[in-house]
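Student:
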Amino acid sequence: MIRYFTAGETHGKCLTVIIEGVPSGVSISLDKINASLAERQKGHGRGGRMLIEKDTAEILSGVRGGMSLGSPIAIRIENRDWKNWEDIMGTEESNGKKRVEFPRPGHADLTGGMKYNHRDLRNVLERASARETAARVAVGALAKQIVEPFGIEFKSRVVSIGDVTDPSDVSSPGFYDRVMDSPVRFGDEEAAKQAMEYIDKVKASGESCGGIVEVRSFGVPAGLGSYVQYDRKLDARLAFAAMSVQAIKGVEIGLGFEAARLSGSHAHDEIFYENGEFVRKTNNAGGIEGGMSNGEPIILRAAMKPIPTQYNPLRTVSIDDKRPHEASVERSDTCAVPACAIVVEAVTAFEIANAFLEKFGGDCLDDIKASYEAYMDRIKHF
Ligand code: EPS
Numbered sequence: 231m232i233r234y235f236t237a238g239e240t241h242g243k244c245l246t247v248i249i250e251g252v253p254s255g256v257s258i259s260l261d262k263i264n265a266s267l268a269e270r271q272k273g274h275g276r277g278g279r280m281l282i283e284k285d286t287a288e289i290l291s292g293v294r295g296g297m298s299l300g301s302p303i304a305i306r307i308e309n310r311d312w313k314n315w316e317d318i319m320g321t322e323e324s325n326g327k328k329r330v331e332f333p334r335p336g337h338a339d340l341t342g343g344m345k346y347n348h349r350d351l352r353n354v355l356e357r358a359s360a361r362e363t364a365a366r367v368a369v370g371a372l373a374k375q376i377v378e379p380f381g382i383e384f385k386s387r388v389v390s391i392g393d394v395t396d397p398s399d400v401s402s403p404g405f406y407d408r409v410m411d412s413p414v415r416f417g418d419e420e421a422a423k424q425a426m427e428y429i430d431k432v433k434a435s436g437e438s439c440g441g442i443v444e445v446r447s448f449g450v451p452a453g454l455g456s457y458v459q460y461d462r463k464l465d466a467r468l469a470f471a472a473m474s475v476q477a478i479k480g481v482e483i484g485l486g487f488e489a490a491r492l493s494g495s496h497a498h499d500e501i502f503y504e505n506g507e508f509v510r511k512t513n514n515a516g517g518i519e520g521g522m523s524n525g526e527p528i529i530l531r532a533a534m535k536p537i538p539t540q541y542n543p544l545r546t547v548s549i550d551d552k553r554p555h556e557a558s559v560e561r562s563d564t565c566a567v568p569a570c571a572i573v574v575e576a577v578t579a580f581e582i583a584n585a586f587l588e589k590f591g592g593d594c595l596d597d598i599k600a601s602y603e604a605y606m607d608r609i610k611h612f
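Sequential numbering from 231 applies to the sequence shown in this note's numbering.
1) Can you tell me whether Arg531 is helix, strand or coil according to DSSP?
2) By the three-class DSSP mapping on this structure, what secondary structure does Tyr503 have?
3) Cβ-heavy atom distance between Gly277 and the ligand EPS below 7 Å?
4) Between the alpha carbons of Gly512 and Ala490, how many angstroms are there, rounded?
5) Taking just the CA atoms, how far does Arg294 sit from Ala287?
6) Tell me the DSSP bridge mates of Pro554?
7) Would you tell me roughly how many angstroms separate the C-alpha atoms of Asp461 and Glu420, rounded to the nearest one?
8) Starting from the Cα of Ile382, find the closest Cα among Glu488, Gln476, Ile528, Phe502 and give me that residue.
9) Taking only the alpha-carbon atoms, compute the straight-line gap between Leu599 and Thr578 and give it to the nearest angstrom.
10) At a cut-off of 7 Å, is Glu560 close to the ligand EPS when judged by its beta-carbon and the heavy atoms of the ligand?
11) Which same chain residues, not among the five before or five after Asn264, have their C-beta less than 7 Å away from its C-beta?
12) Mind listing, in chain order, the continuous beta strand (DSSP E) runs of no fewer than 3 residues lying wholly within the stretch 576 to 606?
13) Roughly how many whole angstroms lie between the Cα atoms of Ser412 and Ala422?
14) Leaving out five residues on either side along the sequence, give the residues of the same chain with a beta carbon under 6 Å from the beta carbon of Gly544.
15) Is Arg352 near the ligand EPS, in the sense that its beta carbon is under 7 Å from a heavy atom of that ligand?
16) Could you tell me the boundaries of the alpha helix (DSSP H) in which Lys374 lies?
17) With DSSP collapsed to three states, give me the class of Phe678.
18) Quick one: grab the DSSP three-state call for Val293.
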């Protein structure tokens with residue numbers, strides 16, 4: 231089993247993450263981690279911060295000569311913006327300027343202040359910020375490399391931004407290549423244009439917007455997760471991971487909420503046996519039945535709310551005199567939905583890699599391969 235902890239404030243010196251439990255013998259490419267970090271920075275509607283940062287991972291431990299050692303892997307991502315915030319975010323007593331008094335509705339500011347007894351809400355927002363997701367993308371990029379030798383891969387896209395939906399057929403040839411080239415991660419160029427116009431309009435009115443992202447996991451063998459205990463269910467673990475991403479308010483797998491409106495014959499995927507294997511001709515379950523992967527692609531969608539910072543601020547009150555006031559304005563993004571797709575892809579990859587290691591786990595990649603091959607051979611003859 232792998233686990234990780236992130237640390238770091240949005241305007242602090244850097245983000246740090248320690249990943250524990252990565253088996254030895256996994257080929258680790260720093261370029262792949264950095265490519266994912268670069269993807270997270272992209273997208274129409276991002277704010278000024280992304281012009282300052284050039285997120286780059288530095289591996290501090292646990293990897294030697296391009297190979298994991300089995301020991302904890304520590305990664306550091308520098309905050310370039312730190313040089314502008316040293317006197318505000320520094321650890322010395324003389325630092326600590328730029329106090330925040332007016333909590334933003336929708337952000338962690340007010341409740342976080344109450345909970346940790348912070349009279350300066352900056353102490354809350356600095357850690358609650360979605361900047362932390364850069365560290366999680368690095369973890370996800372590493373997790374992908376654990377399962378890559380087994381043919382497992384992950385693809386993400388944006389389903390909709392505000393009220394603009396991508397009408398594309400996901401299975402059409404070259405779909406994900408078009409997504410990679412799109413500033414909103416849509417497959418359809420015309421819809422992408424409409425989404426960008428929508429983002430520009432929202433920005434002009436001083437507001438922000440959300441959307442829906444989708445992650446598909448391909449090549450996941452049947453049998454990851456389990457039906458025997460609540461906390462071993464793969465869908466539950468994926469939902470937890472997606473829900474833990476900043477600004478996510480809903481998660482669905484397969485047909486999700488739509489399944490509640492259908493009768494059983496329309497909701498479930500019938501089973502056939504063809505050419506020596508079990509097959510399903512539909513994937514309404516989104517690749518998970520009974521809390522276990524069933525061998526079909528795993529399809530997860532997550533709904534992101536509009537980012538709480540509004541340049542046209544919402545009403546709030548001062549935590550000092552309790553009088554009405556406009557919410558504080560922190561530099562922010564109008565739309566971070568394309569970036570969110572990359573983050574949800576990363577946390578999905580982590581959960582799948584974790585469930586994979588739970589099933590086939592060993593200390594080194596060779597042991598895992600032996601266990602995987604024996605299992606795949608056995609279920610082939612089921
Ligand atoms: C983010 C960095 C942040 C925000 C954003 C995500 O940097 P700054 O506050 O300096 O602009 O742009 O976070 C939020 C919008 C939020 O509400 O938490 C990043 O690196 O993704």
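Quick reminder that beta carbons are idealized off the backbone N, C-alpha and C, glycines included.
Tutor: Checking against the coordinates, here is how it stands:
1) strand
2) strand
3) yes
4) For clarity, residue 512 is Thr in the given sequence; the question names Gly instead. Cα to Cα, Thr512 sits roughly 17 Å from Ala490.
5) 15 Å
6) Val547
7) 43 Å
8) Ile528
9) Rather than Leu, the amino acid found at residue 599 in this sequence is Lys. Cα to Cα, the separation comes out at about 22 Å.
10) yes
11) Thr286, Ala287
12) none
13) 7 Å
14) The amino acid at residue 544 is misidentified as Gly; the sequence shows Leu. For Leu544, where only same-chain residues beyond five positions count, the Cβ hits under 6 Å are Pro335, Ala557.
15) no
16) 363 to 377
17) Any question about residue 678 goes unanswered here, given that the chain covers just 231 to 612.
18) strand
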